[in-house]
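For the sequence shown, the residue numbers in full-length UniProt numbering are 1 to 1186. Even for Gly, the Cβ is constructed at its ideal location relative to N, Cα and C. Just so we're clear, the structure is a prediction, and the values are computed from it rather than from any experiment. Structure first, commentary second.
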Amino acid sequence: MYFKRLELHGFKSFAEPVVIDFHEGITCVVGPNGSGKSNISDAIRWVLGEQSPKALRGGKMEEVIFNGTENRRPRGLAEVTLVIDNSAGILDIDYNEVAITRRMYRSGESEYMINSNACRLKDIRELIMDTGIGVDGYSIIGQGKIADIVSNKPESRRQIFEEAAGVVAYKTRKAESERKLENTRGNLERIDDIVNEIEGRIDGLKSDSTKAKRYLELKEKYKSLEINVTLRNIDNANKRNEQYKGDIADFEGKINFIRNNKRSVDTESNEVSKRSATLDKMSSDARNKLMDIVDKINSISQTSEVNREKLASLDKDEKRLNSEITELNSKIEDSNKEVDRLTTEKEDHTSRLHEAENILEERVYAYNHVTSESSKFAAVIDEGNDKLFKLHSKASASKSEAKSIESYKTTMEKRRIQLERDMEQLSSELLDANSNLREVENAGRTAVDNKERIDKESLEIQRRQRNLTEQQDRLRPSIEQLRISSSQMISRKKTIEEMENNYEGYNYAVRFIMKSGISGIEGVVGDLMKVPGGFESAIETALGSSMQNVVCANDQSAQKAVNSLKHNRAGRLTFLPVESIDARKITLNDAVSNDAGFKGIGSDIIKFDPRYRRVFEYLLGRVAVVDTLETAIKLSKVGGRGVRFVTMDGEIINASGAITGGKYRNKTANLLERKNEIAKLANDIEETDRNLEEQMRELQGVKEAFVTVNKSLSIIEEEKRDNEIEIAGLNNKKNNVDNSIAELESNINKNKLEIESIARELEDTDSMIAKMLNESKDAENDIARITQDMEAAMSDNESRKKEIEKANAEVTESRIEAGKWSSKLSGTESVLARVKAEYEDLRKQTEEKSNELIQLGRSRNQLMYGYTDEGAQLEQLQQERKSTEEFISGIEKEKNELNQRMEEIKQQLQDAEGDLNTYQDSKYQLEIKMARNDTQLDTMKDKLWEEFEVSYAQADDYKLDDFAMSSAVKETREIRNEMKKLGDVNVGAISEYESVSQRYNFLTEQRSDVVAAMRELESIISNMNTTITRTFKDNFNLIESNFERVFTELFGGGHAELRLENENDPLESGIDIIAQPPGKRLQNINLMSGGEKTMTAIALMFAVLDAKPTPFCILDEVEAALDDDNIEKFAAYLKHFNKTQFALITHQKATMEHADVLYGVTMPEQGVSKVLSLRLGDYDPDDYTS
């Protein structure tokens, strides 16, 4: 398999269609920076399924479409087609040439095609999986990405190794199997939940079924008795109401008489109340006037007393203030004296401080001068010490180096002799290894031929297995749904048939007659007719209770049935004798029959046996069916006498004009639809069972085929494993032989290089020893000279130290003296500030006291001039007080007389009110009883409808002639107790029990199938894990061996290895790369330089290609970081892989020299790339010589 050509149209900078043909050997793509040559590798990566815009050197995927230039419009789509020669059949597709196409539109839509047939991205990835040419493999190394191979995290490197090991397809299938296993486990859990739920219900449903039958029997008997009890209670309530009405009328007469007497007494009471209110107002005004007079008398008396107390208080305050002012003046005088003393003391301390600071300044200057002179001598001494240390170190190092070189020379001579002996042994071993390699290669070719045959057979069996699995996945849910549907319809049909057979919805009398077997009974009205769809509500409403009438042959049959009902107390029923019934079908006028809303006469709409025509014309012959109530009202006015109109929704306009309509809260069972639904359910069940049987047969056939395919797959997988083991063994053997040969050749080359290196190094050793000894002697002479200079400088420095000590003591003494006077000055200033503050505070207090004294004098003068003649005012007020009190006394006397009369009136009113309340309470109690009785009546009538769906008028049909209230109440209580003991009853439990039982059996079978499928998936995953682990480890060991060999060849020595981070878990372990270039320590790859990383990554790439060659490899400027020598090694090494096509995008001349075909990419028009080609094999230099 190899790449034939690449076709680009509108991809990135390739605006025009471009075709690039690939040939055997090495193809180089060259061109200046920015010309678009890397877009070729991007195109190949893109067409093979790359989904990351970043990997394509873009920000978003739509950037791969040509975006236009100043002179060209943008393209609407990008399309790339890669044509692959598949003559060897490596790709699993029946074509010798495979064209993979990817197309993308600006709208974001993408298309994928294989040989012009639309496909999915998944199909392309599966097609190229494990071939080494995927976007995540090692066949496409993008620009600047070569170093990433070794720089990535250890776990990120696995992709390359897995692709090379050929386990990607296994891991993909394993992941798919694990997903299926997880889904299967989920299905099993859901089935277990449902089965557990059903197991908990099935026994209870069986018990409920039995209980429901007994409950229905009791319920019907209870209904008949309870209706008769209720009717008897209604009659009793009506009688009580008549008695209550007579008693209420008597009490109303008495109440009216008392109310008339009470009105005359109320009139007198009002007059007395008015006079009493007038007197109250006069008394209130007089009392308010008296209170004002008293307040004025008290106010004048209190004002005189307060003024006297204020004058006494002012005298005391004046004495106090005079005493405080005298004391403050004394304190101010003492503060003035203290301020003068402290000011004098401050001036003395300031003078002494200035004197001490001047002396300190002189002594500090002298100390600094002496110290500066001493520092110069110290610097000279320190510099000399540094020079001596360096010279001693130099002399020692030179002597040591000379001895080391002498020892190294002896060692190298011994090593050269040993290497020459090893060379003879290695050459002999190399001849034996080459002979073994030829034998292993012949056996390997035979094993590979067998592998190709086995792989094709295995893929075909797996395809058949997938198809069968998909068929089972499709059939099982469909079968389950059909079973559930059939079960539900059977249950529904049985329920309706039971209702029909038991005449549910009919009253007890109907059920009794229909089960009695009396001759001449034709059937119930509802069973003898068929109603077209949509007319059920209208016909059922029109018939009303007649739906439950029984049709019989003649009067004698009717008489027998009536006697049987009476004898068995089974209720009342209407019978319609066919021979004697009087038909009354009406003829409508044109105004009705021609109206658009008219649907027809009731008896014409339904279908029935002609024998019963007179019966149904009697029942429905005078009923006109119309569409709406509005139409019914309109036609009732022109339809003539005796016509009853019924709408499609069940509203009625009777011949009398009465309108009946509305909607019941709970809709009753529709008796007319049962037979239609039973027939429809029977047809549906038959169709469903037929489909179920067909699909079950199909599923059984699929299961048998699946077993056969699994057996074939097991056989071929066993053969495949044996073949893989054989190939792996031969590959390992070949790799071991190759490694031995490579190691022997490498060791021979290394020995030759080392012998040559030793010879060169021995030539230089003697001159290096002499040089080291001369350097040591010169250093010793310099040491002696510098030592003499340092001794003189140290002597001068000792005398300077004594002068420094004396100057330092004098400076310290002056600093202490200056500090003492500075501290005293600060203390004096602080005390002086405090005393001045106290003086100012005393002065402010004296000023405030003086102001208070002046204010007190002003208040005294105001009080002294405030007295007036208060005696005259008091005398006048006393006289007014006396006259007011006499007026109030007269008013109180008249009020007492009125109060006595009011008490008499109140007593009369109280007696009348008491009698009135008594009669009203009695009347009210009777009204309450009557209202309660009415409520009970309504409740009992509502009860008939809500509990039994029977109106009060219809209840007469249930009356029993020999009904006894006491025994009926007792019997209903017993029935109710028995029903209560039954507890909650599920009427549909019987049919539900049958349905649940069928579903339980089906789910149990399904669970067994799911468990078997889960065990099978677990076995498949386990086998895959074993295969993946074995294959990966074998190929990893091979790559590791190749890597160490290629690394040594490219670097000219050194050592490299690959390590699994966790050898116990090779399936998930990261991979570390350890490398040791020649002359360096063993180190992690991330500590290398950029060029070393690139060369190491190239070595790893070559090792992978050596282990599993890929048909095609694209390298985009991978050698950019290498120097010319390493580029030459890289380009030359490419020739080792003569079965792999290489496409190199490069700038390096050394790389171009090894190319078989050159493609030049230029950009003659800004933003648009062009491609030129040259096949170097066709180039003849003689054609271009002058």
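Annotation for residue 1107: 164, 1035, 1038, 1039 and 1042 place their beta carbon closer than 7 Å to its own, counting only its chain and skipping 5 residues before and after. DSSP places residue 1072 within a strand segment (E or B) once states are collapsed to three.
Comparing C-alpha distances from residue 564 to each of 599, 510, 50 and 288 shows the shortest one belongs to 510. Exclusion of the five residues before and after residue 607 leaves 529 and 530 as the residues of its chain whose Cβ lies within less than 7 Å of its Cβ.
Approximately 17 Å separates the beta-carbon atoms of residue 1029 and residue 1058; this is outside 8 Å, ruling out the contact.
Residue 553 and residue 595 have their C-alpha atoms spaced approximately 38 Å apart.
Beyond the five residues adjoining it in sequence on each side, residue 814 comes within less than 6 Å, by CB distance, of 359, 360 and 363 in the same chain, given in chain order. Residues of the same chain with a CB within less than 6 Å of the CB of residue 545, apart from the 5 flanking positions on each side, are 954 in chain order. Under the DSSP assignment, residue 35 falls outside any alpha helix (DSSP H); it carries neither an H nor an E label. Annotation: the stretch 617-688 contains the following complete segments of the alpha helix (DSSP H) (minimum length 4 residues), in chain order: 629-636. With contacts defined by Cβ atoms closer than 8 Å, residue 853 and residue 346 do not form a contacting pair. Using a Cβ distance threshold of 8 Å, residue 1026 and residue 170 do not count as a contacting pair. Looking at the DSSP output, residue 1116 bridges to 1145. Proximity to residue 723 across 514, 268 and 446 peaks at 446, based on C-alpha coordinates. If you look at residue 1091, you'll find it isn't in any beta strand (DSSP E); it sits in the alpha helix (DSSP H) that goes 1090-1107.
Secondary structure of residue 74 (DSSP, three-state): coil. The same chain holds no residue with a CB closer than 7 Å to that of residue 857 once the five nearest residues on each side in sequence are set aside. Bridge pairing for residue 117: 114 [DSSP].
Here the C-alpha atom of residue 882 lies approximately 20 Å from the C-alpha atom of residue 280.
Under the three-pair Cβ rule at 8 Å, the stretch 557-575 does not count as touching the stretch 612-625.
Nearest to residue 175 by alpha-carbon distance, out of 1017, 1050 and 843, is 1017. In the DSSP assignment, residue 1131 falls within the alpha helix (DSSP H) that extends over 1124-1133. Cβ contact annotation for residue 429 (same chain, cutoff 6 Å, sequence separation greater than five): 744, in chain order. The beta carbons of residue 523 and residue 547 sit about 12 Å from each other, so the pair does not count as a contact at 8 Å. When the Cα atoms are used, residue 720 and residue 740 turn out to be separated by approximately 29 Å. In this structure, DSSP gives residue 561 a helical state, which the three-state scheme calls helix. It is roughly 57 Å from the alpha-carbon of residue 1153 to the alpha-carbon of residue 468. Annotated three-state conformation of residue 1060 is strand, per DSSP. Remark: C-beta atoms of residue 818 and residue 356 approach each other more closely than 8 Å. Close CB contacts of residue 198 within its chain, under the 8 Å cut and outside five residues either way in sequence, are with 996, 999, 1000 and 1003 (chain order). Ranked by Cα distance from residue 323, the options 121, 849 and 106 are led by 849. If you draw a straight line from the Cα of residue 1127 to the Cα of residue 1120, it comes to about 9 Å. Of 283, 475, 628 and 809, the smallest CA-CA separation from residue 696 is found for 475. When secondary structure is reduced to three states using DSSP, residue 599 falls in the strand class. Here residue 294 is exposed, its C-beta having fewer than 16 other C-beta atoms within 10 Å. By the criterion of a C-beta distance shorter than 8 Å, residue 17 is surrounded in its chain by 7, 8 and 9, once the five residues flanking it on both sides are discounted.
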